[in-house]
Amino acid sequence: MNTVVLKFGGTSVADNIKLNVVAEKVISLKEEAKNVVVVVSAQGKTTNQLIKEAQELSAIPEEREMDMLLSTGEQVTASKLSILLNRMGYPAISLTGWQAGIKTNSIYTSAKIEQINISRIEEELGKGNIVVVTGFQGLDEKQNITTLGRGGSDTTAVALQVALKADKCYIFSDVDGIYSADPNMITMAKRLDEISFDEMQEVADSGARVLHNRCIQMGKKFECDIVSKSTFSDEGGTKICPKIETSEVKSIVKNDKLVTIQMEREEPIKKEEVYDVYQSLLQNNIIVETFQKAKCYLQFRIKKEEQNKVQELLEKNYPIYEITQKDLVKLSIVGYGITQDSQVLHEVINILKEYQIEILNVNLTQAKIEVLVNKMEDNMLAELHQRLIKNS
Ligand code: ASP
Ligand code: MG
Numbered sequence: 001m002n003t004v005v006l007k008f009g010g011t012s013v014a015d016n017i018k019l020n021v022v023a024e025k026v027i028s029l030k031e032e033a034k035n036v037v038v039v040v041s042a043q044g045k046t047t048n049q050l051i052k053e054a055q056e057l058s059a060i061p062e063e064r065e066m067d068m069l070l071s072t073g074e075q076v077t078a079s080k081l082s083i084l085l086n087r088m089g090y091p092a093i094s095l096t097g098w099q100a101g102i103k104t105n106s107i108y109t110s111a112k113i114e115q116i117n118i119s120r121i122e123e124e125l126g127k128g129n130i131v132v133v134t135g136f137q138g139l140d141e142k143q144n145i146t147t148l149g150r151g152g153s154d155t156t157a158v159a160l161q162v163a164l165k166a167d168k169c170y171i172f173s174d175v176d177g178i179y180s181a182d183p184n185m186i187t188m189a190k191r192l193d194e195i196s197f198d199e200m201q202e203v204a205d206s207g208a209r210v211l212h213n214r215c216i217q218m219g220k221k222f223e224c225d226i227v228s229k230s231t232f233s234d235e236g237g238t239k240i241c242p243k244i245e246t247s248e249v250k251s252i253v254k255n256d257k258l259v260t261i262q263m264e265r266e267e268p269i270k271k272e273e274v275y276d277v278y279q280s281l282l283q284n285n286i287i288v289e290t291f292q293k294a295k296c297y298l299q300f301r302i303k304k305e306e307q308n309k310v311q312e313l314l315e316k317n318y319p320i321y322e323i324t325q326k327d328l329v330k331l332s333i334v335g336y337g338i339t340q341d342s343q344v345l346h347e348v349i350n351i352l353k354e355y356q357i358e359i360l361n362v363n364l365t366q367a368k369i370e371v372l373v374n375k376m377e378d379n380m381l382a383e384l385h386q387r388l389i390k391n392s
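Okay, so the sequence shown: first residue is 1 according to this note's numbering, each after it adds one.
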């Protein structure tokens, strides 16, 4: 192999002992490939901790300052890993996102990579260095530091794979691949050998924190070879493939990190007001999953982590509305072609009926059945898993 990109997640680099395991892994892959580029996340729960500390200073810190703050986490990991690799006799150099030429737009906390100037990385590879790049970050036009959104180091890795035309990208983490459900929740969840980009996209979009959704979009577009593997074992792994023809349920994801916001008032809402509300959500970079208008209320779905920001925005700009928030659970059943016939959907409805769970909304795509409910216990999830996943 000529060039590989290796990405290590936060748990894999959490402390010095783990960094040693990572360094060994990097070295073993350096024996196989001429050029090795490593992308790292912040150590352990560093990013969460930094967010917490900022929120102790201000309930809603400026997003630009958050990017400045959060980008430091990855810098710590990259330098430590380089120090270690050098000591072990493998020349290495750490580069921040901006030193690595990663240019983004200016949407702080969820910036998109626009361009990568690979000259510095190439120069360092040319000198025989292992290049360790901080994940999750870049620089905008005005030289401000930006970050790519939680979990964004995966996207840095795949973006570098594309820019460097690397043969392979390994996404290393503490799990040995992609599972049919969250193995922390469902003990009988099984590891998948392969999953298609379309299915993986649905899994990532449904809120499973396995791979950053934007890295899948990019991987699909550029037909990348991506493998999800464990840092701590050579066994297992899941390959993300262009297409798989079999139609079966691959994965079940429960996302309870969502809220529905309702804005209500007595007078009917005019269409101009709907444009206005929607546009102000967009201007504030709120990701709105669904939006609905009734005569006297507007209802939309957002991520729980944005609920304070949205509440403040609405109270400030739309004081005449009464604003209520409700927790929501989204169940996603993923498998290419499973909505071609009604068999899987039938079974899902049966189980919901047995557990007397009220259905709020159902949405079907080519690779997913999505059901919205108010609550769902883990035992019901286990039952769904057992009845819908083959050989489970
Ligand atoms: N450190 C960032 C996060 O925790 C980015 C990443 O790990 O990919 O979200
Ligand atoms: Mg991650």
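Quick reminder that beta carbons are idealized off the backbone N, C-alpha and C, glycines included. On a predicted model such as this, the values are computed, not experimentally measured, just so you know.
Classification of residue i by the beta-carbon crowding that lies within 10 angstroms, buried from 16 upward
| i | result |
| --- | --- |
| tyrosine 321 | buried |
| serine 58 | exposed |
| aspartate 67 | buried |
| tyrosine 179 | buried |
| valine 274 | exposed |
| glutamine 49 | exposed |
| histidine 212 | buried |
| alanine 294 | exposed |
| methionine 1 | exposed |
| cysteine 224 | buried |
| methionine 88 | exposed |
| asparagine 255 | buried |
Same chain, Cβ closer than 6 Å to residue i, five either side skipped, listed in chain order
| i | result |
| --- | --- |
| serine 332 | Ser206, Val253, Lys368, Glu370 |
| alanine 163 | Ile116, Ile118 |
| tyrosine 355 | Met380 |
| lysine 243 | Ser196 |
Paired residues, beta bridge with residue i - DSSP
| i | result |
| --- | --- |
| lysine 375 | According to DSSP, which records beta bridges pairwise, lysine 375 is partnered with nothing at all. |
| cysteine 241 | Ser196 |
| aspartate 327 | Val259 |
| arginine 191 | Tyr179 |
| glutamine 292 | Gln299 |
| threonine 147 | Gln137 |
| valine 132 | Val38, Ser94 |
| glutamate 322 | Glu264 |
Collapsed DSSP secondary structure at residue i in the structure displayed
| i | result |
| --- | --- |
| valine 40 | strand |
| glycine 138 | strand |
| glutamine 340 | coil |
| leucine 164 | helix |
| methionine 88 | coil |
| valine 82 | Going by the sequence as given, residue 82 is serine instead of valine. Three-state result, serine 82: helix. |
| cysteine 224 | coil |
| arginine 387 | helix |
| arginine 214 | helix |
| leucine 364 | strand |
| lysine 417 | Outside the displayed span of the chain (1 to 392) sits residue 417, for which this structure offers no information. |
| leucine 125 | helix |
| arginine 64 | helix |
| serine 251 | strand |
| glutamine 279 | helix |
| glutamine 299 | strand |
| isoleucine 17 | helix |
| glutamate 3 | Note that residue 3 corresponds to threonine in the displayed sequence, not to glutamate. It is a strand residue. |
| glutamate 235 | coil |
| isoleucine 357 | coil |
| lysine 316 | helix |
| threonine 246 | coil |
| serine 28 | helix |
| isoleucine 186 | coil |
| isoleucine 102 | strand |
| serine 332 | strand |
| glutamate 266 | coil |
| serine 230 | strand |
Spatial neighbours of residue i in its chain, beta-carbon cut-off 8 Å, leaving aside the 5 residues before and after
| i | result |
| --- | --- |
| serine 419 | There is no way to answer for residue 419, as the model of the chain reaches only from 1 to 392. |
| isoleucine 351 | Met380, Glu383, Leu384, Arg387 |
| serine 233 | Asp176 |
| glutamate 315 | Ile323 |
| glycine 128 | Pro91 |
| glycine 10 | Ser41, Ala42, Gln43, Gly44, Lys45, Thr46, Thr47 |
| glycine 126 | none |
| valine 4 | Leu29, Glu32, Ala33, Asn35, Val36, Val37, Ala166, Asp167, Lys168, Cys169, Tyr170 |
CB-CB length for residue i against residue j, believed under 8 Å
| i | j | result |
| --- | --- | --- |
| valine 39 | valine 26 | Actually they are not in contact, since the Cβ atoms of valine 39 and valine 26 sit about 11 Å apart, beyond 8 Å. |
| isoleucine 83 | glutamate 124 | Rounded, the Cβ-Cβ distance is 16 Å, inconsistent with contact. |
| glutamate 74 | glutamine 137 | 6 Å |
| isoleucine 398 | methionine 188 | This structure cannot settle anything about residue 398, because the visible part of the chain is limited to 1 through 392. |
| lysine 229 | phenylalanine 172 | 6 Å |
| valine 227 | valine 344 | With a Cβ gap of about 28 Å, valine 227 and valine 344 do not count as contacting. |
| isoleucine 261 | valine 310 | 6 Å |
| lysine 330 | leucine 372 | 6 Å |
Neighbourhood of residue i by C-beta distance below 7 Å, restricted to the same chain and skipping five residues each side
| i | result |
| --- | --- |
| glycine 152 | Gly135, Phe136, His212 |
| isoleucine 60 | Asn308, Lys309, Glu312 |
| threonine 290 | Phe300, Arg301 |
| threonine 109 | Glu63, Met66, Asp67, Thr147, Gly149 |
Cβ-heavy atom distance, residue i to ligand 4, below 8 Å
| i | result |
| --- | --- |
| aspartate 154 | Ligands present in the displayed structure are limited to ligand 1 and ligand 2, and ligand 4 is not among them. |
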